[in-house]
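*Asks:* I'd like to ask you about the structure that follows.
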């Protein structure tokens, strides 16, 4: 900011005189060259970074997407494994209860079957015993019926025991399978947790890379904001100085006109006084002539009344009129009304003093009525590819306030309209910068120039060569950064260009 202020003060001082001192300009250009040489050492790194910035940004975004997607999938699988583990554990608990219940049923069935067998053995009841007992047939038939019932009951009890044993075996098999599944689930969950930790580490690395990239972007955005602030402060100061000089010129012109009017009034007053004085002197001369004529007539009458001896004594008529009257007849002609006394007269008219004309460029004089602003369909300052369109987002942050015209280094840059150069110097972020005032609050801005061919105060016309295309201000590729501002606010240059 201090550098901008110093540049602004240099510019304003130069603008008052409409031209910069050669020694000061050479000193500023030498400083700019030193700064550009210092920047050249970093331009190669900046070029590689800029070229790889977009691909690196895409790679980081893709890596982050893959890592976070993998983490999400692993967490989902872990949640599924946890749910399945809970289901298996609940099923094992249920199986354990069923096994205990089935063991109790089996024990009861075994007890019942044992009691039946013990009772049958104690009663020594068997088909052969009943048949060989010698009892009557009805009793033998009842015994056989009872034996059939007992046999069926025993068979049912035995089948119940067998079913209970089979059910118990099935429950135990399911329990073993559930425990094996739990082991597998635990192993898979452990593997998934390891993968999750690896993905988290990868994500942290990706985030670190992205954070570095964001820090660089924030730094670039901050630099861009500072550059725009410098340019905005410079233009604001220039416009304030332009307005101040315009007001000063207006006041000076008003003062000059008032002074000219005062001198004209004084001149008219002097001429009027001189005419009055000349009129008075002419009147006095006329009165003197009249008095002389009156005296001559009186002397003539006296001469006619004199004795005849006086008439013959002097040859010629009225020999002593001149002696008596003091004037000869040919000297008594009336003076013209505006006759002037020798050695006197009205003073010559004094010329009206003009205000000193402002110093103009040797090539072009300033228009007498100043600059009228800008019109549409203006010529492009340089022919080239349009990049960085007005209002579009910039990769490093912010939006474009102008346009970039890509052209080979050394290409001539032309003024878009007539105006006066109000800034021609190096500005951080914009390199060799030129600003032209076109009047009516319009300024055109030309940045990144290789060379500046006009100085502060120079008058330029439409199409005049004012600079050459370059890559100053830390740029990588040659081109011209161009803005149009009205009352300090950037406007879309493409709406004005087209010629």
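In mature numbering (1 follows the signal peptide of the UniProt record, and there is no 0), the protein residues as written are -19 to -1, 1 to 480. From the three backbone atoms N, C-alpha and C, an ideal C-beta is built for every residue, glycine too.
When we look at the beta-carbon of residue 383 and count the other beta-carbons within 10 Å, is it buried (16 or more) or exposed?
*Replies:* Taking the first residue of the chain shown as position 1, residue 383 is located at position 402. The residue is buried, with at least 16 neighbouring Cβ atoms inside 10 Å.
*Asks:* May I ask you to report which of helix, strand or coil DSSP gives residue 386?
*Replies:* Within the chain shown, residue 386 is the residue found at index 405, counting from 1. In this structure, residue 386 counts as strand in the three-state DSSP scheme.
*Asks:* Can you tell me whether residue 245 sits near the ligand SAH, meaning its C-beta is under 8 Å from at least one heavy atom of the ligand?
*Replies:* By its list of ligands, the structure shown contains no ligand whatsoever, and the ligand SAH lies outside what it can speak to.
*Asks:* Using 8 Å for Cβ pairs, my map puts residue 183 next to residue 48. What's the rounded Cβ distance?
*Replies:* What you label residue 183 is simply residue 202 of the chain shown in a count that begins at 1. What you label residue 48 is simply residue 67 of the chain shown in a count that begins at 1. Residue 183 to residue 48, Cβ: 5 Å. Contact.
*Asks:* Let me confirm a value: residue 219 is counted as buried when at least 16 other C-beta atoms fall within 10 Å, else exposed. Which label applies?
*Replies:* As a first step, residue 219 is located in the chain shown; it is residue number 238 there, counting from the start. The residue in question, residue 219, is buried, as its Cβ has 16 or more Cβ neighbours within 10 Å.
*Asks:* Leaving out the 5 sequence neighbours to the left and right, which residues in its chain are closer than 6 Å to residue 479 when beta-carbon positions are compared?
*Replies:* Here residue 479 is taken as the residue at index 498 of the chain shown, counted from 1. For residue 479, where only same-chain residues beyond five positions count, the Cβ hits under 6 Å are 358.
*Asks:* Under the three-state reduction of DSSP, which class applies to residue 474: helix, strand or coil?
*Replies:* The residue labelled residue 474 in the question sits at position 493 within the chain shown. Reduced to three states, the DSSP call for residue 474 is helix.
*Asks:* Answer yes if the stretch 430 to 447 comes into contact with the stretch 372 to 382, meaning at least three C-beta pairs across the two stretches below 8 Å, and no otherwise.
*Replies:* no
*Asks:* Should residue 333 be labelled buried (16 or more other beta-carbon atoms within 10 Å of its own) or exposed?
*Replies:* Locating residue 333 in the chain shown gives position 352, where the first residue counts as 1. Because the pLDDT of residue 333 is 32, which lies under 50, any placement of that residue in the model is unreliable, and the question is left without a value.
*Asks:* Is the distance from the Cβ of residue 493 to the Cβ of residue 385 below 9 Å?
*Replies:* Nothing about residue 493 can be reported from this structure: the residues present for the chain run from -19 to 480 only.
*Asks:* For residue 430, which residues of its own chain have a beta-carbon under 8 Å away from its beta-carbon, when the five flanking residues on both sides are left out?
*Replies:* Indexing the chain shown from 1 puts residue 430 at position 449. Cβ neighbours of residue 430 beyond the five flanking positions: 394, 412, 413, 414, 415, 448, 449, 450, 451, 453, 461.
*Asks:* If we count the other Cβ atoms within 10 Å of its Cβ and call it buried at 16 or more, is residue 329 buried or exposed?
*Replies:* Taking the first residue of the chain shown as position 1, residue 329 is located at position 348. Because residue 329 carries a pLDDT of 41, less than 50, the predicted location of this residue cannot be relied on, and the following value inherits that uncertainty. Classification of residue 329: exposed, given that the 10 Å Cβ count is below 16.
*Asks:* Would you call the stretch 149 to 165 and the stretch 62 to 81 in contact, with 3 or more CB pairs under 8 Å?
*Replies:* yes
*Asks:* Rounded to whole angstroms, what's the CA-CA distance from residue 236 to residue 213? Just pull it up for me.
*Replies:* Start at 1 with the first residue of the chain shown, and residue 236 comes out as number 255. Start at 1 with the first residue of the chain shown, and residue 213 comes out as number 232. Spanning the two alpha carbons is a distance of roughly 34 Å.
*Asks:* In three-state DSSP terms, what is residue 456?
*Replies:* Translated into the one-based positions of the chain shown, residue 456 becomes position 475. Reduced to three states, the DSSP call for residue 456 is coil.
*Asks:* Just the Cα atoms here: how many angstroms apart are residue 254 and residue 247?
*Replies:* As a first step, residue 254 is located in the chain shown; it is residue number 273 there, counting from the start. As a first step, residue 247 is located in the chain shown; it is residue number 266 there, counting from the start. Straight-line Cα distance between these residues: approximately 10 Å.
*Asks:* Give the DSSP-derived three-state secondary structure of residue 375 in the structure shown.
*Replies:* Sequence index remark: in the chain shown, residue 375 carries index 394 (1-based). Coil.
*Asks:* DSSP state of residue 187, grouped into three classes?
*Replies:* In the chain shown, counting from the first residue as 1, residue 187 sits at position 206. Residue 187: helix per DSSP, three-state reduction.
*Asks:* Below 8 Å on the Cβ atoms is my contact criterion, and I expect residue 152 with residue 59 to pass it. Report the Cβ-Cβ distance as a whole number of Å.
*Replies:* Taking the chain shown and counting its residues from 1, the one referred to as residue 152 is at position 171. Taking the chain shown and counting its residues from 1, the one referred to as residue 59 is at position 78. Not a contact, Cβ separation roughly 30 Å.
*Asks:* Residue 392 and residue 420: beta carbons closer than 9 Å?
*Replies:* If you number the chain shown from 1, residue 392 lands on position 411. If you number the chain shown from 1, residue 420 lands on position 439. No, Cβ-Cβ distance for residue 392 and residue 420 is not below 9 Å.
*Asks:* May I ask which residues mark the beginning and end of the beta strand (DSSP E) holding residue 424?
*Replies:* To locate residue 424, count along the chain shown from 1; it is residue 443. Run containing residue 424: 423 to 433, per the beta strand (DSSP E) assignment.
*Asks:* Smallest Cα separation from residue 51: which of 179, 267, 278?
*Replies:* Mapped onto the chain shown, residue 51 falls at position 70. With respect to the C-alpha of residue 51, the residue from 179, 267, 278 having the closest C-alpha is 179.
*Asks:* Let's test the definition: count the other Cβ atoms within 10 Å of the Cβ of residue 466 and tell me whether it reaches 16, buried, or not, exposed.
*Replies:* Start at 1 with the first residue of the chain shown, and residue 466 comes out as number 485. It is buried - the Cβ of residue 466 has at least 16 other Cβ atoms within 10 Å.
*Asks:* For residue 432, which residues from the same chain have a beta carbon less than 8 Å from its beta carbon, with the 5 sequence-adjacent residues on both sides left out?
*Replies:* Counting from one through the chain shown, the residue named residue 432 turns up at place 451. The answer, listed in chain order, is 413, 448, 449, 451.
*Asks:* Among 456, 363, 387, which one has its Cα closest to the Cα of residue 408?
*Replies:* Working through the chain shown from its first residue, we reach residue 408 at position 427. Comparing Cα-Cα distances from residue 408 to each of 456, 363, 387, the minimum goes to 456.
*Asks:* Could you please give the first and the last residue of the uninterrupted beta strand (DSSP E) stretch that includes residue 524?
*Replies:* Any question about residue 524 goes unanswered here, given that the chain covers just -19 to 480.
*Asks:* I'd like to confirm the pairing. Which residues does DSSP put opposite residue 405 in its beta bridges?
*Replies:* The count along the chain shown starts at 1 and reaches residue 405 at position 424. Answer is 415.
*Asks:* Is DSSP giving residue 447 helix, strand or coil here?
*Replies:* Residue mapping note: residue 447 aligns to position 466 of the chain shown, counting from 1. Strand, per DSSP.
*Asks:* To the nearest angstrom, report how far apart residue 208 and residue 410 are at their CA atoms.
*Replies:* Working through the chain shown from its first residue, we reach residue 208 at position 227. Working through the chain shown from its first residue, we reach residue 410 at position 429. C-alpha separation (whole angstroms): 5 Å.
*Asks:* Classify residue 57 as buried or exposed, calling it buried when 16 or more other Cβ atoms lie within 10 Å of its own Cβ.
*Replies:* Numbered from its first residue, the chain shown carries residue 57 at position 76. Residue 57 should be labelled exposed.
*Asks:* Could you give the distance in angstroms between the alpha-carbon of residue 240 and the alpha-carbon of residue 352?
*Replies:* Position 259 of the chain shown, counted from the start, is the residue given in the question as residue 240. Position 371 of the chain shown, counted from the start, is the residue given in the question as residue 352. For residue 240 and residue 352, the distance between alpha carbons rounds to 26 Å.
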